[in-house]
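Structure first, then comments.
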Amino acid sequence: MFGVYPDRVGASLRYLLPFFLISVFLFSLSLPVIAVCHLHRHSVMFTSSDEQRSFMTTLPDANPLPSAFDAHHAPSKQIIENCVHCGFCLPVCPTYVLWNEEMDSPRGRIYLMKLASEGNAAMNPQWVSHFDSCLGCMACMTACPSGVDYGKLIEATRAQIERHHPRTFAEKLHRRFLFAVFTRPDRLRLLRWPLLAYQKSGLQALVRGVGLLQLFPKSVHSMEALMPKLEKYESVPEITPAQGAKRRRVGLLLGCVQREFFPQVNAATARVLAAEGCEVVAPKDQPCCGALMVHAGEETGALALARKTIDAFERANVETIVTNAAGCGSNVKEYGHLLRDDPNYADRAKAFAAKCKDITEVLTELPPRATRNPLRMRVAFHDSCHLQHAQGVRSQPRQLLANIPGIKLTEIPEAAICCGSAGIYNLVQPDAANALGDRKAQLITPLNAEVVATGNPGCLLQLQSSLARQGQVTPVVHTIQLIDASIHSKPQ
Ligand code: SF4
Ligand code: SF4
28 MFGVYPDRVG ASLRYLLPFF LISVFLFSLS LPVIAVCHLH RHSVMFTSSD EQRSFMTTLP
88 DANPLPSAFD AHHAPSKQII ENCVHCGFCL PVCPTYVLWN EEMDSPRGRI YLMKLASEGN
148 AAMNPQWVSH FDSCLGCMAC MTACPSGVDY GKLIEATRAQ IERHHPRTFA EKLHRRFLFA
208 VFTRPDRLRL LRWPLLAYQK SGLQALVRGV GLLQLFPKSV HSMEALMPKL EKYESVPEIT
268 PAQGAKRRRV GLLLGCVQRE FFPQVNAATA RVLAAEGCEV VAPKDQPCCG ALMVHAGEET
328 GALALARKTI DAFERANVET IVTNAAGCGS NVKEYGHLLR DDPNYADRAK AFAAKCKDIT
388 EVLTELPPRA TRNPLRMRVA FHDSCHLQHA QGVRSQPRQL LANIPGIKLT EIPEAAICCG
448 SAGIYNLVQP DAANALGDRK AQLITPLNAE VVATGNPGCL LQLQSSLARQ GQVTPVVHTI
508 QLIDASIHSK PQ
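Residues 28 to 519 (our numbering) make up the sequence shown, in order.
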């Protein structure tokens, strides 16, 4: 029957084939997410502040319940009591800025911890939702005049939640999928080929152009929008010799997303360190450092990865361990706390953590030896939360960028507030993450920067996709890439 209209059928097939291929490709990529979203409809969500306020099972005096927490590293009552409810942390808390809800502020969350620890609140879905919505950005710690260590509280609370709160099947599936992929560089590397084919074949442009993503769940949009633009893979050798007289032997933590999706950042880090007289060791057997798991309350998995990371770097015998992903850096600096109960690792973890430094800390310690050639451009610097709040590193990247001749450094307003990246936050809470990303992009746009620089791969992805939503094509790079470009470009 097709023989009657061979030309029309052929033309139709040519027209329909790309759509069929696109659909099959996206469908296969998003199967786990579709399952999650379908099942997610059955989970409890709170949409109004009245509902949020009414959830707590408050049982004053008469018959208090036992604490909702178990005895294994329950959130410290002493830290909870340090909070004097002053509210100085509220204006910098991204979720409070978005929703203006007390229970989605640091003060409110600490109060919820207190109620649960005293047996006056149950660990029910509503209670948990306020901790799931926290970005773990630690802006509240920087703002707090009483020195409340919210980082320790949220880490302990999340571990308790994962032990005691029955997540829905959908949530479990989603989390398992994310941890199974994003903590395994070998699996991320396998993803490079289909993603490269998707980008380089023009399929991505077509999919975005015809709005095909509108047919898929929101989580698929977020994942697709956050996809990095993949370039040729640049591997870092296990040993990069120092140029000139050796000043230090340093280890390089390669990360997971950084290693596979931003290999050019690791390559630039090794080149700059070598140019500054460091011998760089990048142990091939280093695993994921466990940052994503720690920040999500997956304690057992995080401990196993921390032990393996320590083993790998002990064998490398280095003086300093250099990190260039702020989320990883803040995690490895806390290994002493994480492994405090392990008699085989407690001391080794402290020694390991004491050696860890962000690349910008290392470079400001070493008086520059390599010549910086001019880069004539206007650069907006974005503080990653895990660099500025969790590690207290603010001045170093600015100082290094300002020392590059020709660079005009400009500040982004609301620097203390998160861009919405926060580990896997932009994959599990896409609405809040997009709202924060859009807010940040709207603050960057009027600066007319030619480049945005930052110190974390998550921020890089988040800013790129947020700027793209605003129709901006401003490139976003890691700070070290500008330093590398300055050292290794030809003098102008
Ligand atoms: S960590 Fe960030 S999101 Fe969470 S309470 Fe503190 S400021 Fe708010
Ligand atoms: S600033 Fe510190 S003491 Fe004040 S409410 Fe926030 S956490 Fe509590």
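Heads up, the beta-carbon is just placed ideally off N, CA and C, and yes, glycines get one too.
- Shown here, residue 325 sits in coil according to DSSP, grouped into three states, outside any helix or strand.
- In the structure shown, the three-state DSSP call for residue 261 is coil.
- When C-alpha distances from residue 190 are compared across 397, 328, 505, 471, the shortest belongs to 328.
- Per DSSP, the continuous alpha helix (DSSP H) segment holding residue 363 begins and ends at 362–365.
- Judged by the Cβ position, residue 95 fails to qualify as a neighbour of ligand 1 at the 7 Å threshold, every heavy atom of the ligand being at least this far.
- Counting along the chain, the unbroken beta strand (DSSP E) around residue 408 starts and ends at 404–408.
- If you draw a straight line from the Cα of residue 351 to the Cα of residue 308, it comes to about 14 Å.
- Residue 363 sits away from residue 424, with the two beta carbons spaced by 8 Å or more.
- In the DSSP annotation of this structure, the continuous segment of the beta strand (DSSP E) that includes residue 306 starts and ends at 305–308.
- Contact annotation: the region 429–436 touches the region 396–410, with at least three C-beta pairs closer than 8 Å.
- Nearest in C-alpha terms to residue 156, of all of 130, 485, 217, 96, is 130.
- In this structure, residue 406 has its beta carbon at no less than 7 Å from each heavy atom of ligand 1.
- When distances are taken from the beta-carbon of residue 133 to the heavy atoms of ligand 1, the shortest one is below 7 Å.
- The Cβ atoms of residue 511 and residue 295 lie closer than 8 Å to each other.
- In this structure, residue 210 places its C-beta atom within 8 Å of the C-beta atom of residue 320.
- Here residue 303 really is in contact with residue 397; their C-beta atoms are around 6 Å apart, less than 8 Å.
- Ranked by Cα distance from residue 469, the options 495, 344, 448 are led by 495.
- DSSP lists 306 as the beta-bridge partner residues of residue 276.
- With fewer than 16 neighbouring CB atoms inside 10 Å of its own CB, residue 500 falls in the exposed class.
- Here residue 383 is bridged, per DSSP, to 348.
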